[in-house]
Amino acid sequence: MHVEWVRDFCLSFDAVEECQPFGPEHLVYKIKGKMFLLLSLDEQPPRINVKTDPDRSVELREAYPDNILPGYHMNKKHWNTLVLNARLNPGLVQELITHSYELVRK
Numbered sequence: 096m097h098v099e100w101v102r103d104f105c106l107s108f109d110a111v112e113e114c115q116p117f118g119p120e121h122l123v124y125k126i127k128g129k130m131f132l133l134l135s136l137d138e139q140p141p142r143i144n145v146k147t148d149p150d151r152s153v154e155l156r157e158a159y160p161d162n163i164l165p166g167y168h169m170n171k172k173h174w175n176t177l178v179l180n181a182r183l184n185p186g187l188v189q190e191l192i193t194h195s196y197e198l199v200r201k
């Protein structure tokens, strides 16, 4: 999965702001001033942090132990890090980005 795809998908949501508050190696996507996704540009494969319902976080980490990890530098109860490689279904990534956006938008 390519960084540009993630970027374009995030920007397709209403009222999304893209910024780099943590430096040029990270892109942050916000809704109403609150972050819903952090994209690391300096890692291969790319990684994103998304907000997830806590119960679902546990299920996802158990189902995808090499690709969905506790959120790096985040509240691990509410955030997951997704390793964007060929083993992680793009449909699931899209679903989790959408879920993160909807959780933060509330």
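Residue numbers for the sequence shown follow our numbering, so the first one is 96 and each next one is one higher.
Cβ atoms here follow ideal geometry from the backbone N, Cα and C, with glycine treated the same way.
No experiment lies behind these values; they were computed from the predicted model shown.
Where the alpha helix (DSSP H) containing residue i begins and where it ends
i       : result
Thr-193 : 185 to 200
Backbone secondary structure at residue i - three-state DSSP
i       : result
Ser-152 : helix
Leu-106 : helix
Glu-99  : helix
Glu-157 : helix
Beta strand (DSSP E) segment containing residue i, residue limits
i       : result
His-121 : 121 to 126
Thr-176 : 174 to 178
Under 8 Å between C-beta atoms of residue i and residue j
i       : j       : result
Lys-146 : Trp-100 : no
Leu-198 : Val-188 : no
Glu-112 : Leu-122 : no
Cut-off 6 Å between Cβ atoms - residues of its own chain near residue i, not counting five sequence neighbours on either side
i       : result
Arg-200 : Ile-126
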